[in-house]
Amino acid sequence: MDTRKLLKSYKSGERNFSGINLHQAKLNHVDLRGINLEAADLSGADLSMANLSDCNLSRANLTNADLSRANLENANLSEVNLIGADLTRVSLKKTNLSRADLRTANLTSANLVGANLSQAEMSGADLTGANLHKANLIDSNINEAELMGVDLTTTIITELEITGEILHIGLSHKWITWAGSY
């Protein structure tokens, strides 16, 4: 299915596009609230400034996709592949990113307030200036991630992830809720 046909079907009320191939599609600035793109191939797609709030992108391939300034609030991105994706200034408030692969993704200034990043793979990701207030990072991997200026206020995190990089940027641990210390 091409982009034009997708938008026409969406406009007429269709929401289920599970497994669709939209490799390198140009979908910037579109409003696709509530769309189901589970297991879709959106690798290399341009979704910048798109409204994908309340959508289902679980198990989708978004490798090297441009999602900069997109709205993905309350979306399901569990087990999504976002390797090398541009998520600059994206809104991921209350989004499910459990078991997501975010290796080398650019999350500069991303809004991840209340996001579920449990078991997410974020090694080598750039989280400079990201807001992770009240996010769940239990069992996630942030080795070699850039964490300068990250807001971890009341973030839920396991002790395993607080070693290495986070300690080197001078964050106070009193703001972090340690898993198992309730």
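Just remember that this note's numbering sits 6 ahead of the position in the sequence shown, which is counted from 1.
We put the beta carbon where it would ideally sit given N, CA and C, even for glycine.
Taking C-alpha positions only, residue 52 is separated from residue 94 by approximately 13 Å. Rounded to whole angstroms, residue 139 and residue 113 show a C-alpha spacing of 15 Å. Non-local beta-carbon contacts of residue 85 in its own chain, meaning distances under 7 Å to residues more than five positions away in sequence, involve 64, 65, 105 and 106 in chain order. DSSP places residue 99 in the coil class of the three-state scheme, outside both helix and strand. Residue 98 and residue 68 have their C-alpha atoms roughly 15 Å apart. Put simply, the backbone Cα of residue 121 is about 31 Å away from that of residue 14. Residue range 9-17 is occupied by the alpha helix (DSSP H) that includes residue 14.
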